[in-house]
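Residue numbers (the working numbering), protein chains in the order written: chain P, 1475 to 1982; chain H, 109 to 263; chain Y, 3 to 493.
Note that beta-carbon positions come from the ideal geometry of N, C-alpha and C, so glycine has one too.
All figures in this text were calculated on a predicted structure; none of them were measured in a lab.
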Amino acid sequence: MTEHFPILILLVPLFGALIVVLLGRERPEQCWITSLISLGLSSIISLFTIIVVLSDKVQTIRYRMGGWEPESTVFEVGIELRVDILAALVVFAVTFVGFVNTIYSKTRAEAEAQGKVPFFYALIQLLIVGLCGIVMTNDAFNLYVLIEITSLTSYALIAMGNRRAALSSFNYVIMGTIGASFYLLGVGYLYIKTGTLNIDDIRMVLGNDKLWEHQSIIVAFIFIMLGVWTKMAFFPLHGWLPNAYAYAPSMTGTFMAPLMTKVMVYVMIRVMLWLFGDKFVYSDQHVWGELVIWMSVIAIVAGSLLALARTDIKKMLTYLIVAEVGYMVGGAWLGNVTGQAGAFYHILSDAAMTFCLFIAASIIVLRIGDSRVNAFDNLFRKMPLTMIGFTVGALSMIGLPPTCGFFSKWYLIRGGIEAGQWEYVCALIFSSLVNAVIFFRIFERAYFGNIAGVKEDFSPSDSDANPDTSIKEVPWSMLVPLYIASVSVLLLGIMNRPLFEWIQTALK
Amino acid sequence: MDPIIANFIEENIVPKFNYWIYVILMMIGLYAMITKNNLIKKLIGMAIFQTAIILFYVSIGVKETGGIPIISHHGPDHHQEAEVHSEESSKNLKHNIIDKDKYANPLPHVLMLTAIVVGVSTLGLALAISQRIHKSFGTLEEDEILNELRPGGHD
Amino acid sequence: MIEFSFIPLFTWLVSLLAVPAILVFRKRPDAREGVTFLAAFLKLAMVFMMLPLIREGKILHFKFGEILPGIPIEFRVDGLGMLFALVASSLWILTTLYAVGYMRGLREHDQTRFFACFAISLSATIGVAFAGNLLTLYIFYEILSLSTYPLVTHHGDKAARTGGRTYLSHLLGTSVAFVLPAMIYCYWKSGGDIKFTDGAFLDGKIGSSDGLIVLVAFTLGFAKSGLMPFHSWLPNAMVAPTPVSALLHAVAVVKVGVFCVLRVFTGVFGTDFLQQLDVVTVITYIAAFTIIVSSLIALTQDNLKRRLAFSTIGQLAYIVLGVSFLSSNGVTGSVMHIAMHAFGKITLFFCAGAIFVASGKKYISQMVGLGKQMPITMIAFLIGSLSIIGLPPFGGAWSKWYLFLGALDAEQTAMAVVLVISSLLNIAYLLPIPINALFRSPPQKDEKGSDSGIKEAPLACLIPLCITALAGLLFFMFPGLGFELAQLITK
């Protein structure tokens, strides 16, 4: 039974989506509970998968779709799913965040989807199928297909919002397609040279035939990297992200912001270590190691400064995502296991804290009706419960113990010191300080109110909510996800040692 | 013509003309996506871009002696009668009895079928979004849309 | 020698557990304050319980469990930690008594938040005192910065906001920018061990050039020690209510800063290794510079609390200077000065607050002749000043003497001169205040006679300041305990 877990994780939301669409015609009220059950089931299965993978005798689950076993060791047919502890952790993160987000969407779905509620739930579930598939697949082309499935559903989900969301989604379509197509192009070059599409196989063939210095392989690598970087919003290919995530309907934004770019980072790490192999990526003949680390330094600095300049909370958070992606790319390219493991741990940690912050921000924006930070006056008194959640996320972004943000910074800085990349270490510290300024500005506003007495221009902004005149706390269905997220931030921090050890062993 | 140029063309362009074509098409598509103002023109650029990659893949599978990669039971490789073809042909396939030089590589074709489907869905989705944009903004020109948004006070 | 014990855990836990109780009793101020007192007494009792064991030379150890690979959160109580814990917990009791008088006298708002944050801050302080490795130290250091922020910005007005900004930006900025990378670098260099053992974990594992950078990073990074150029958070934090200023900035927060520096010198590097590396001269000069400049600035300040703040900066720099001499006398002087200065300074702050409560005066120029109406307060101020200046028969004399000896041991005659000059400056900026108050008559120009309505400060404020003033006297006569605990470190 356990060997079928990978496919079950994919099938449950797939059928869930189907059922939701069918149900939507007759009983739209049931959509929410159906999604909840399907995603809950999926989370539980992925949790079991983690347990299975951790047990000594399993280590990695390999699942062949359709049972097509390879003819010989040279000739692979069929698509394989490969789940090791890294994949299992990310899959669990995806399904769990999806599940918690569905709780959040209970009250928002009708207002934001306006009659298309069943389609929203169907799309979210398909998105989760796509994301889980990306993480689990062991076939390079299948990866492309799943990336596109993920992208298509996300384009549609974002476009469900207001007219600005539609425009942002259009731009996302353009850039996302370029990214995915570059990836496809890279895979094409790889196929020409290796003749296979199975990831493990490709690495073996590259190693056997010493194809590493071959021009096409280098070109393939560059194209694949460019494609993946576009999809993860690595500066300067990040242009689509701020608008797409900031204007997306809140229930979509809270799901996509933590996950999509992080899964793409996972893809990058997989490509680097399992598709091409670390001997190829980090070898001294290629000049790109230093280059990429400098690019990530620029990404971190630029993302932090751009976030600092923003007055809209959601835009601010999206630029912070850009900076965080910089952390992860830099960490992965440091060349040592600490850096890679740190980058991977940061995938989980950043997912948790971004989720926490996005939910908190969405709740606040809904209640105040204004997404600008200047409107946050006295929130500590008016919405204390929400602000506690927000504070936990903020402290994690700044990197204060015992939140998970501190520990991922610890690992990344350690990796940077070990690799002697001091510019990366400085960039991380710079980013922590800028984050501290950003968030303490917000805290001051929420704590002290507008004591400067400056008259501000409160012309209506573009958020799509009717403000509540008496700012009270929000319903439990919104607070519970926030608290689950905050608790995860703290738990991931406290539990970082076992997690890190699992990650390290998988990477060796 | 100058012999150096002729030599250059003969060695670098003619044997690799499929790559040249796909690169040129890709650049045209990219150019359209980035510089054109009209949203639909951008989408056309996107379609051209994706098509270029599809052409690239398909061109990989070409062989000089190869034909359509469909195994015909009435063709030169047919050894058995039609009724028992399933078992026998599969045995043939298993033991690589087919002459692979007679068929173009089918795998890129299969992959590109998928890619074409993906491209079509993306295009359809993008057109639907454009329709929505047109309904909201009244125009499909990007500069006019941005103008409309600017006085709204976004940051 | 190293014994496992639960007592450090409970000592730390006591003030933390007080917090929910304080929140529960928010509508009943007497019960709420009672909780704080109870917690404070319990804490002091537990510290006393550990004292005999420490004096025997034992080290009490408690481990929470590994939070990073190879690094647990652990407590390790030795002589230095014990001294600091004694000072902090005893003064917590006195400050709570004082705070009750002060806050109620002024009818301050948000007292529940005030006392709750106080308790958390004390927990963090004990956490630092008992920290067994760099990571634990760092975590509690940061928690202390955060938990004191609501205290500093208590008044909630524009000045509080600005003061709070300077406070947090300086403290968080330096710790994240300097201490964190230095700590990780040490972790890497020492092969994953950052425990404060007797041998000091960096011994022999680091070179001169990076040793210097790491040492400076740590010293400046622990900006709570008030060394220049990162000192300005301290005078700006004087916007806080005086009980906050008293405990946290004269005792807990700043002492945490110098305590961390002491730990770096003795537990991370080790004084012998530092002598070999020959890198401490930089620190000596930074400390000396801070001493002189802060004393000079103190002379120019008319706001009493600000003058005291700059005095604190100078006094803290003494502690850093003493430890940079790397001699046993110097370190002894530093350690004792932690205690002496704590009691002396808190006396001065208590007096400043009492003056404000009773008369509303903040500026020294207004305090001429005040001794007629507030004799007890002013006498206590005089005693506190003498202790800080370092004149017998007050405790400060011992620590100054040892610092001086330490300077001579290290053949730093220039520094000995610095010590003498700064003591003279101390006299110049401290003594005139009580002398003017007690021995000169107030200006008669005030026809409204508002001055005549001033009485002595409320009892709840008077008692603590008398106790601490007396403590200064007692320390002179019975310095034994302080010596013992200091020697445990210098051995």
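- Neighbours of residue 1970/P in chain Y, taken as residues whose beta carbon is under 8 Å from its own, are 69, 70 in chain order.
- The Cβ of residue 1828/P sits no closer than 9 Å to any Cβ of chain H.
- Here residue 1501/P is exposed. Its C-beta has fewer than 16 other C-beta atoms within 10 Å.
- Under the Cβ criterion of 9 Å, residue 1873/P is counted among the residues facing chain Y.
- For residue 144/Y, the nearest beta carbon of chain P is closer than 9 Å to its own beta carbon.
- In this structure, the alpha-carbon of residue 243/H lies about 11 Å from that of residue 1640/P.
- When Cβ-Cβ separations below 9 Å define contact, residue 141/Y makes contact with chain P.
- Scanning the region 405 to 453 of chain Y for uninterrupted alpha helix (DSSP H) segments of 4 residues or longer gives 415 to 432, 434 to 441, listed from N- to C-terminal end.
- Per the coordinates, the alpha-carbon of residue 1587/P lies some 16 Å from the alpha-carbon of residue 1577/P.
- Residue 289/Y and residue 1916/P have their C-alpha atoms spaced approximately 36 Å apart.
- By the criterion of at least three beta-carbon pairs nearer than 8 Å, the region 1551 to 1564 of chain P is not in contact with the region 1583 to 1598 of chain P.
- For residue 1887/P, the nearest CB of chain Y lies under 9 Å from its own CB, placing it at the interface with that chain.
- Of all C-beta pairs linking the region 1763 to 1781 of chain P to the region 1796 to 1815 of chain P, three or more are shorter than 8 Å, placing the two stretches in contact.
- Here residue 239/H is exposed. Its C-beta has fewer than 16 other C-beta atoms within 10 Å.
- Counting the other CB atoms within 10 Å of its CB gives residue 255/Y a total of 16 or more, which places it among the buried residues.
- If you look at residue 67/Y, you'll find it in the beta strand (DSSP E) that goes 61 to 70.
- A direct Cα-to-Cα measurement between residue 373/Y and residue 103/Y gives close to 20 Å.
- Taking all protein chains in view, the Cβ of residue 235/H is surrounded by fewer than 16 other Cβ atoms within 10 Å, so the residue is classified as exposed.
- Counting C-beta pairs closer than 8 Å gives fewer than three between the region 299 to 306 of chain Y and the region 266 to 281 of chain Y, which falls short of the contact rule.
- Secondary structure note for residue 1584/P: its alpha helix (DSSP H) is the uninterrupted segment 1559 to 1587.
- For residue 1555/P, the three-state secondary structure derived from DSSP is strand.
- For residue 212/H, no CB of chain P lies under 9 Å from its own CB, so it is not counted at the interface with that chain.
- Straight-line measurement puts the Cα of residue 1960/P at about 29 Å from the Cα of residue 134/Y.
- In terms of Cβ geometry, residue 1891/P and residue 1817/P do not form a close pair [threshold 9 Å].
- In terms of Cα proximity to residue 1829/P, the closest of 1842/P, 1751/P, 1865/P is 1865/P.
- In the displayed model, residue 1848/P falls within a helix according to three-state DSSP.
- Under a 10 Å Cβ-count criterion, residue 255/H is classified as exposed, with fewer than 16 other Cβ atoms of the shown protein chains found around its own Cβ.
- Here the C-alpha atom of residue 1726/P lies approximately 16 Å from the C-alpha atom of residue 1623/P.
- Positions of the alpha helix (DSSP H) runs, each at least 4 residues long and wholly inside the region 292 to 380 of chain Y, are given as 306 to 326, 330 to 361 in order along the chain.
- Spatial neighbours of residue 1729/P in its own chain (CB-CB distance under 6 Å, excluding positions within 5 residues in sequence) are listed in chain order as 1575.
- Interface criterion not met: the Cβ of residue 125/H is under 9 Å from no Cβ in chain P.
- Here the alpha carbons of residue 1509/P and residue 172/Y stand approximately 49 Å from one another.
- Beyond the five residues adjoining it in sequence on each side, residue 210/Y comes within less than 8 Å, by CB distance, of 279, 280, 281 in the same chain, given in chain order.
- For a Cβ distance threshold of 9 Å, nothing in chain P lies close to residue 399/Y: the least Cβ distance comes to about 41 Å.
- Taking the C-beta atoms as reference points, residue 13/Y is found nearer than 9 Å to residue 45/Y.
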